[in-house]
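Novice:
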Amino acid sequence: MSTSKIFTLKSSDGEIFEVPEPVAVQSQMIYYMVEDGCVGTEISITNVTGVILAKVIEYCKKHVIIPDGDGDSSSSMVEELRNWDAEFMKNMDKPTLFDLINAANYLNIKNLFNLTCQTAADMITGKTVDEIRTFLNIENDFTPEEEAEMHAENQWAFE
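Position one of the sequence shown corresponds to residue -16 (this note's numbering), numbered consecutively onward.
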């Protein structure tokens, strides 16, 4: 694969990234654009900023699948990737995490989307409804009466 194409990805804020084809096509969106011949070597990623696109590319570079004839190394490689993923997500602030979720969804990178969503889910596990509302910036639009009725009807959910 030494002759793989290099794609230029342009973020929404104009940052330019030179990315080898195996890295770029981890995005199903880019893969289908390339497959269908809809793009040259420059691809505008209009919904993703440069800071977030750099993180997406970092993730994709680490997760490029390199064909390997040795089946024994695959389980150690999976464990290494899990450790890398944990380190990648460690101490990530909320705005960056949510931007990465949106970017993974927009670019259709399933594994990154699953990783970021799982990280967000882990952050809210064990929190009360009010803590989750605060975490997700959700305004409580129920009246006290509606909320009391909901608590009564779904008592099991608030135990």
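All C-beta atoms, glycine included, are put in the ideal place defined by N, C-alpha and C. Remember, it's a predicted structure, so these values are computed and weren't measured experimentally.
So, helix, strand or coil for residue 1, using DSSP?
Specialist: It is a strand residue.
Novice: Just grab the DSSP bridge partners of residue -6 for me.
Specialist: Looking at the DSSP assignment, residue -6 forms a beta bridge with 28.
Novice: Count the CB pairs spanning the stretch 55 to 75 and the stretch -1 to 19 that are closer than 8 Å, and state whether there are at least three.
Specialist: Contact between the stretch 55 to 75 and the stretch -1 to 19 is absent, because fewer than three Cβ pairs lie under 8 Å.
Novice: Would you kindly check if the distance between the Cβ of residue 27 and the Cβ of residue 3 is under 8 Å?
Specialist: Going by C-beta atoms, residue 3 is not nearer than 8 Å to residue 27.
Novice: Hey, would you say residue 86 sits closer than 8 Å to residue 31, going by beta carbons?
Specialist: Contact flag set, yes.
Novice: Report the CB separation of residue 45 from residue 67 in whole angstroms; it is logged as a contact under 8 Å.
Specialist: Indeed, because the Cβ distance is near 6 Å, the residues count as touching under 8 Å.
Novice: Smallest Cα separation from residue 120: which of 107, 69, 129, 131?
Specialist: Selected option, being the one with the closest Cα: 107.
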